[in-house]
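Q: Quick one: structure below, then a few questions.
Residue numbers (our numbering): 654 to 711.
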């Protein structure tokens, strides 16, 4: 995670659990969001530009 609204999760890794495109209000612009499950913290919703996708090494 490159940038987050929660400083303690910056630099951590997580598992992508949801990718969405929303429009709020209905007449507003589309927003892409990625939800990550971060161990020890829970789920965090971020912009795709705030994450770096790494290969699975498991």
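Using N, Cα and C, we set each Cβ at its ideal position, and we do this for glycine too.
Keep in mind that this is a model prediction, so the values were computed, not measured.
1) Specify, as a first and last residue, the run of the beta strand (DSSP E) that residue 669 falls within.
2) Please state whether DSSP places residue 697 in a helix, a strand or coil.
3) Roughly how many angstroms separate the alpha carbons of residue 757 and residue 702, rounded to a whole number?
4) Where DSSP assigns a beta bridge to residue 661, which residues make up the other side?
5) I believe residue 667 touches residue 691 by the beta-carbon criterion, under 8 Å. Please report the beta-carbon distance rounded to the nearest angstrom.
A: If we stick to the structure as given:
1) Taking the first residue of the chain shown as 1, we reach residue 669 at position 16. First-last of the beta strand (DSSP E) with residue 669: 668 to 676.
2) Here residue 697 refers to the residue found at position 44 when the chain shown is read from its first residue. Residue 697 falls in the strand class under three-state DSSP.
3) Nothing can be reported for residue 757: it is not among the residues displayed for the chain, which extend from 654 to 711.
4) Along the chain shown, read from residue 1 onward, the residue named residue 661 stands at position 8. Paired residues: none, contrary to the question.
5) Looking up residue 667 in the chain shown gives position 14. Looking up residue 691 in the chain shown gives position 38. Yes, residue 667 and residue 691 are in contact; Cβ-Cβ is about 4 Å, under 8 Å.
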